[in-house]
Ligand SMILES: Nc1ncnc2c1ncn2[C@@H]1O[C@H](COP(=O)(O)OP(=O)(O)OP(=O)(O)O)[C@@H](O)[C@H]1O
C-alpha cells in the first residue's frame, strides 16, 4: 500500500482551457495517507471520477504530479501503478467461475497455487460468496456480480491502493448497509489505502475515517464526519452534509455584527475584527438546524418568529420558522410542542453560529 500525493494537480478535458470553469479538477494539493480509509464525497459532476481515474492512471492529468510514496507515477500505466479499481457496474468474466474470476489477478501476478486458493477462500468468506465459488459468473444476480467485482480488487495483497467508484449503486438497499460495514471491516483487517467515491453522505461516513468533500473541481474540506458536521469550512459542506443541511443567510455588516432585514445578529469580537479585514460583500451566517434553539417565551438574545411548518419524522421534528424574510429549519425533539402559525422565539448559540466570507468559513486562527 502507498501514500498517494497529488501535487499542484489540475485537469481539463479541453485542450485549450481558458478559465477555471474549463477544469474538471482545479489546481489542488492533497495527500491520501498510507493505510487510510477515505471517502471522496460530492454531487454529480464535481470531479470525483476524474480524480480517481487520475490516481489509477486511466486519465493523464493536464497539470501537476501524482506521487506514490514520494515517487512520480504520471508516466506509469494503471498496471504498473498496481492499483485495484472497482467501478459502479460489475466487471467480471461471465464465462469463468467465481473462483477463477477471483484467482485471475493472482495468477497474473504468478502467485503460487496453494496461496491463491487460500486467498480466494479468505476473500469469498468475507464477502459471503463462498457457496457461489464454483458457479459461472453469468448465472449470478447483479448484487453477487458486484461482490465478485469487489473481490477481484480486494484479493490482491500487494496493491498500492483500492479505489471504489460508487461501488454499491447496483446493490439492493438491504444489502448496501451490510456491504459498507464489510468494506470497513476489510479495511481494518487488511489495512489497505482505500478511497471510496460516493455522492451519499451516509455511505461516506459509515465507510471512511476521513472524508474529502469535493465541489466544483476542488476539495473544499478534508475532515472527519464530526468535523464536517460541526465546523463546515465551506457553505457547500454545510449545505451538503446533514439532513436538512445548514441554514445559510446572506447578511450585511452592521455595528454590532451582521444583519438581515431588521434582525441584527451579534458576533464574537474576533469575528468582527476578521470581518473588518475582509472587503468582500459576499457574507453569510450559517447554523445547523440541530443547533438553533426555540423557546415559547421571549428572552434577551431571542428573535420573535412565526412557525411555518412542522414535519414530524417519528423520532424528531423539523420545524420551519420565518425570521424576517428568511426561512430557517430547526430540529427539535419529538416532545417539543409547536403549532403552525404560532409565535416562537429563536436564538443562535454563539459557538454554533458560523460566519462565511466568499463561501469560506472565517476562523479564529487562520
Ligand atoms: N471524458 C470526458 N470528456 C469531457 N468531459 C468530461 C469527461 N469526463 C467527465 N467530464 C466532465 O468533467 C466534469 C467532472 O466529471 P466527473 O465524472 O469526474 O464527476 P463526478 O463527480 O464523478 O460525477 P458523477 O458522480 O456524475 O460520475 C463534469 O463536468 C463532466 O461533464
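In UniProt numbering, the protein residues as written are 1 to 366. Even for Gly, the Cβ is constructed at its ideal location relative to N, Cα and C. Source: prediction; values computed, not measured.
Own chain partners of residue i with C-beta closer than 7 angstroms, once the 5 adjacent residues on each side are dropped
i           : result
residue 47  : 24, 25, 214 and 217
residue 42  : 48, 199, 213, 214 and 215
residue 307 : 319, 321, 338, 339, 340, 341, 342 and 344
residue 166 : 88, 197 and 198
residue 228 : 211, 213, 221, 237 and 241
residue 144 : 129 and 132
residue 290 : 331
residue 244 : 289, 318 and 329
residue 17  : 23
residue 325 : 261
residue 146 : 90, 167, 170 and 171
Residue i versus residue j - alpha carbon distance
i           : j           : result
residue 90  : residue 365 : 47 angstroms
residue 319 : residue 349 : 17 angstroms
residue 33  : residue 3   : 5 angstroms
residue 36  : residue 80  : 21 angstroms
residue 242 : residue 316 : 14 angstroms
residue 83  : residue 111 : 17 angstroms
residue 226 : residue 138 : 42 angstroms
residue 13  : residue 256 : 48 angstroms
residue 267 : residue 258 : 7 angstroms
residue 77  : residue 249 : 48 angstroms
residue 126 : residue 182 : 7 angstroms
residue 334 : residue 312 : 8 angstroms
residue 149 : residue 15  : 34 angstroms
residue 251 : residue 286 : 10 angstroms
residue 352 : residue 246 : 11 angstroms
residue 184 : residue 205 : 11 angstroms
residue 253 : residue 260 : 9 angstroms
residue 297 : residue 336 : 14 angstroms
residue 265 : residue 102 : 60 angstroms
residue 21  : residue 109 : 42 angstroms
residue 159 : residue 180 : 20 angstroms
residue 263 : residue 295 : 17 angstroms
residue 177 : residue 152 : 20 angstroms
residue 305 : residue 323 : 5 angstroms
residue 19  : residue 239 : 26 angstroms
Beta-carbon contacts of residue i that lie in its chain and below 6 angstroms, excluding the five residues immediately before and after
i           : result
residue 278 : 357
residue 31  : 5
residue 85  : 56 and 163
residue 293 : 347
residue 124 : 130 and 133
residue 196 : 39, 164 and 207
residue 201 : 241
residue 142 : 170
residue 194 : 37, 162 and 187
residue 172 : 143
Cβ-heavy atom distance, residue i to ligand 1, below 6 angstroms
i           : result
residue 261 : no
residue 212 : no
residue 345 : no
residue 198 : no
residue 24  : yes
residue 238 : no
residue 169 : no
residue 48  : yes
residue 45  : yes
residue 38  : no
residue 13  : yes
Distance between beta carbons of residue j and residue i, contact taken as under 8 angstroms
i           : j           : result
residue 51  : residue 67  : Wrong, their Cβ atoms sit about 15 angstroms apart, outside the cutoff.
residue 186 : residue 154 : 6 angstroms
residue 134 : residue 93  : In fact, because the Cβ distance is near 15 angstroms, the residues do not count as touching under 8 angstroms.
residue 355 : residue 231 : Actually they are not in contact, since the Cβ atoms of residue 355 and residue 231 sit about 12 angstroms apart, beyond 8 angstroms.
residue 168 : residue 203 : 7 angstroms
Contact test: residue i Cβ vs ligand 2 heavy atom, cutoff 6 angstroms
i           : result
residue 206 : The model on display carries ligand 1 but not ligand 2.
Own chain partners of residue i with C-beta closer than 8 angstroms, once the 5 adjacent residues on each side are dropped
i           : result
residue 359 : 234, 235, 236, 282 and 284
residue 157 : 119 and 190
residue 96  : 104, 136 and 137
residue 74  : 60, 61, 65 and 66
residue 106 : 115, 116, 119, 120, 155 and 156
residue 27  : 8, 9, 10, 63 and 64
residue 361 : 231, 232, 233, 234, 354 and 355
residue 44  : 199
- Query: Which ranges would you report for the alpha helix (DSSP H) in the region 6-62 if only whole runs of at least 4 residues count?
  - Reply: Counting only runs of 4 or more, we get 48-56.
- Message: Please give me, in chain order, every unbroken run of the beta strand (DSSP E) with length at least 3 that falls completely inside the region 151-177.
- Response: Under the rule that a run must span 3 or more residues, the beta strand (DSSP E) segments found entirely inside the region 151-177 read 161-165.
- Item | Runs of beta strand (DSSP E) lying entirely within the region 192-239, each at least 3 residues, in chain order | DSSP runs (the beta strand (DSSP E)) wholly in the region 192-239: 194-198, 210-215 and 218-223.
- Message: If we require 3 or more residues per run, which beta strand (DSSP E) segments fall completely within the region 225-308?
- Response: Fully enclosed beta strand (DSSP E) runs of 3 or longer: 247-254, 257-260, 263-266, 283-287 and 293-295.
- Curious, which full-length alpha helix (DSSP H) runs of at least 4 residues does the region 73-141 contain? Counting whole runs of 4 or more residues, the region 73-141 contains the alpha helix (DSSP H) stretches 78-81, 98-108 and 113-126.
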